[in-house]
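Heads up, the thing below is written out as C-alpha cells.
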Amino acid sequence: MADDSAIRIDARGSFCPGPMMELIRAIKGASVGQVVVVLSNDSGSKRDIPLWSQKAGHEFLGVEEHGDYDEISVRKSH
Amino acid sequence: MRKRLLIIGAGTGGLMVANFVGRDLHGEIERGEISVTLMGEQEVYTYQPGFLYVVFDLMRPAQLIRPVRELLAPGIAFVHDRALRIDAQAHKVLRAQGDPLEYDILVIATGSNLNLQEVPGLAEGGHWFYTLDGALRLRDALRNWQGGKLVLTVGVPHKCPVAPLEFTMMFDEWARLRGVRDKTEIVYSYPLGRAHSIQSVADWAGPELEARGVRVETFFNLESVDPAKHVASSLEGTDLPYDLLVAIPPHQGDELGSTSHLTEAGNWYPTDRHALSLQGHEDIFVLGDATNLPVSKAGSVAHFEAEVLADNLVGLLTEGSPPLHHYNGRAFCFIETGLDRATFISFDYEHPPTVPGATNAVHWFKQTYNRIHWANLKAVM
C-alpha cells in the first residue's frame, strides 16, 4: 500500500476523538481518489472503519497488522 | 541579552502558559532579563464551557467574561491585536495595528473556530452553543419550546467531545421539568457506529440515552441542511427532519496558520505529541485546540499541556535546555448527565477512561469549577 500521495495519520494513543474521527476528518479534506492511512492501536478501529467506509461509500483497502498497532487504509471515492 | 517569549492567543492555553512562566520567572522579568508578551485579538477572555449552561438559563453571560489584563500575572505585557503572519525565518509576527513583534521563542495558542461554511444551510437552519451568540439564540429558542423534534448532529472535528452528550441529557431533563417531554422527540446522531468515539463512553452512553427515550442515529456525518424544509442530511445518505436542529459544527484552526504556511489541512499545526514543538521548528511551540494532535480539543487538555510547556519554556529561557518534560496526552472531562448529576472521565495516550456512576457531588464539583476557573487561569490553583 505504498502510496506517496497517501495521507498518513498517527492516531495511536487517540481515545478521544479516536482514530475513526481522525479518519473522517482526513477523508473530508482529501481529494477524490486519495488514500488515507490511519495508524491505530484501538482494537475497535478494525471493525468500525470498514463499516463506516461501506456506509459512506468509500473504498476500504484493508488492514496491515504490525504487532501493537494496525495500519488501516481507505480510498476516498466521491 | 534579553530573551523574548511571545505567546499568540489569549484563551485558556495562552493565558495559562503566560501566567505559569510569568510567575516562575518573576525575578528575571523584573530585572529585564526575560520578557513575556501575550498577544490576543480580544480584550476579554470568555469561559466557553459556560455556554452549555447559558442555553438552559443556568448561567448568565456576565459570569463567563473577564478582561484579559485582570487575569495576567504582574510583569506580563498584553498586546491587543490580531496576528496576521508568522515569519519563522525572521523570528517576528506581523500584526494588524502596529509594528511586527520579534521573539526568541514563540508559543501558538490560537485555538479553533467554527467552520459553518463547510455545511451548506447550517448557518441558516441550525442552532449551536459553541459561541456566546449561538448559545443566546438557542436559549431563546428553548424559552419558546412547546414540543417537537430536536435533532442533534456532531461535526468533525469539534471541541469538547462530551458536550453533545451533556446537552442531550440536560435537554431531556429540562423538557421533563417543563412538562413538555411527552411532546418532545429527541434524536442524538453521531458520526460513528456508536454513541461516542471512546468505546467505554459509548458503552455507558448508549443505555443511558435509551433509558431517557432518546433515539440514537449512528453513522451520521452532517453534509447539508435544508432550512426551508427543515431536513438535515448526512454524507451517508440519511435524511433527518427536524423542528429544532442543534449542531455541533465542524471546527477549523485559525487562518494565521495558513497565511504563515505553517499548518496542514484544516489549519492545524503539525505538533510533536510529547514536546509540543511545531515540527521542524525548535523555537516554536503549539498547544490547545490549534495542534493537529489526536487528543480532545478541550480546556483541560490546554491546561495540562500548558503545565508541561511552561516547565520546558522556563528551562529553555533560563538555561537553554531542550524540552525535558513530556506531555502524555492527559485529558479530564466532566460529563453532566442531567441538571443535578454528573460523572467524569480521565485518560491519556496510554490509558483509556472508564466512566464512574453519575453523582450529585460531581455535578456540584463542576458547578464549583465553573466559578473558580479564573484561579486556574491565573496559575495560582
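As you go down the protein sequences, you meet chains C and R in turn. For what it's worth, numbering that gives the first Met the number 0 labels the leading residue of the first sequence as 0, then goes sequentially. For what it's worth, numbering that gives the first Met the number 0 labels the leading residue of the second sequence as 0, then goes sequentially. Just so it is clear, CB atoms sit at the ideal spot from N, CA and C, and this is done for glycine as well.
Near-chain R residues of the region 34-66 of chain C - C-beta to any C-beta below 7 angstroms: G43, D47, L50, W51, K54 and A55
Closest Cα partner of R/E263 within the set R/H273, R/Q251 and R/R272: R/Q251
Sequence-distant residues of the same chain with beta carbon closer than 6 angstroms to R/A72, five excluded per side: Within the same chain, Cβ atoms closer than 6 angstroms to the Cβ of R/A72 are found at N18, G21 and R22, the five residues on either side in sequence being excluded.
Under 7 angstroms by beta carbon: chain R residues contacting C/A5: None at all; the shortest Cβ gap to chain R is about 14 angstroms.
Residue from R/V35, R/N143 and R/H79 with nearest C-alpha to R/L95: It should be noted that the sequence gives Ala, not Leu, for residue 95 of chain R. The residue from R/V35, R/N143 and R/H79 with its alpha-carbon nearest to that of R/A95 is R/H79.
Per DSSP, the bridge partner or partners of R/G10: Its beta-bridge partners do not exist; DSSP assigns none.
Strand pairing of R/I344, partner residues [DSSP]: R/C332
Interface residues of the region 206-236 of chain R facing chain C [CB-CB below 7 angstroms]: F218, N220, L234 and E235
Span separating the alpha-carbon of R/V155 from that of C/G17: 11 angstroms
is_contact[C/K75, chain R] using C-beta, thresh 9 angstroms: Taking CB atoms only, C/K75 has no neighbour in chain R less than 9 angstroms away.
Boundaries of the beta strand (DSSP E) in which R/N112 is found, first to last residue: S111 to L113
Contact set between C/I23 and chain R, taken where Cβ atoms lie within less than 7 angstroms: V155, P190 and N220
Assigned exposure category for R/K182 - 16 Cβ within 10 Å defines buried: It is exposed - the Cβ of R/K182 has fewer than 16 other Cβ atoms within 10 Å.
Proximity winner among R/E27, R/I64 and R/L70, relative to R/A374 (alpha-carbon distances): R/L70
When C/G56, C/L60 and C/N40 are compared against R/N220, the one with the closest alpha-carbon: Checking every option, the nearest Cα to that of R/N220 belongs to C/G56.
Distance between beta carbons of R/D253 and R/G97, contact taken as under 8 angstroms: The distance from the Cβ of R/G97 to that of R/D253 is about 19 angstroms, inconsistent with a contact at the 8 angstroms cut-off.
DSSP-derived helix/strand/coil call for R/F166: helix
Spatial distance of C/M0 from C/V62 (CA atoms): Its pLDDT being 48, under 50, C/M0 is placed unreliably in this model, and the coordinates cannot settle the point.
Chain-ordered neighbours of R/E382 on chain C, where CB pairs are closer than 7 angstroms: Residue 382 of chain R lies beyond the residue range present for chain R, which begins at 0 and ends at 380; the question has no answer from this structure.
Residue(s) in a DSSP beta bridge with C/D69: C/S39 and C/E64
Inter-residue Cα distance where the pair is C/V37 and C/S72: 6 angstroms
Other residues of its chain near C/A5: CB distance less than 6 angstroms, five sequence neighbours each side excluded: The answer, listed in chain order, is V34 and V36.
Distance CB(R/L312)-CB(R/V67) smaller than 9 angstroms: One thing to note: R/L312 has its Cβ no nearer than 9 angstroms to the Cβ of R/V67.
Ranges of the beta strand (DSSP E) found wholly within the region 278-303 of chain R, counting only runs of at least 3: As far as the region 278-303 of chain R is concerned, its whole beta strand (DSSP E) runs of at least 3 residues are 283-285.
Whole-number beta carbon distance between R/V106 and R/I6, since they are thought to touch under 8 angstroms: 4 angstroms
Members of the region 278-294 of chain R near chain C, C-beta cut-off 8 angstroms: Answer in chain order: P293 and V294.
Cβ of R/V197 within 9 angstroms of any chain C Cβ: A quick correction: the sequence has Ile, not Val, at residue 197 of chain R. For R/I197, the answer is yes, since a Cβ of chain C falls inside 9 angstroms of its Cβ.
Extent of the continuous beta strand (DSSP E) run through C/E8: Checking the displayed sequence, the identity of residue 8 of chain C turns out to be Ile instead of Glu. First-last of the beta strand (DSSP E) with C/I8: I6 to D9.
Proximal chain R residues relative to C/G28, where beta-carbon distance stays under 7 angstroms: A264 and G265
Buried or exposed (CB count within 10 angstroms, at least 16 for buried), C/K27: The residue in question, C/K27, is buried, as its Cβ has 16 or more Cβ neighbours within 10 Å.
R/K158 in three-state terms, based on DSSP: Judged by DSSP in its simplified three-state form, R/K158 adopts strand.
Residue interval of the alpha helix (DSSP H) (run including R/Q366): First-last of the alpha helix (DSSP H) with R/Q366: N359 to L376.
For R/E235 and R/R193, the rounded distance between their alpha carbons: 15 angstroms
For C/I48 and R/V215, the rounded distance between their alpha carbons: Those two C-alpha atoms are separated by around 19 angstroms.
Neighbour flag for C/M0 against chain R, beta carbons, 9 angstroms: With a pLDDT of 48 at C/M0, under the threshold of 50, the predicted position of this residue should be treated as unreliable, and no value is reported.
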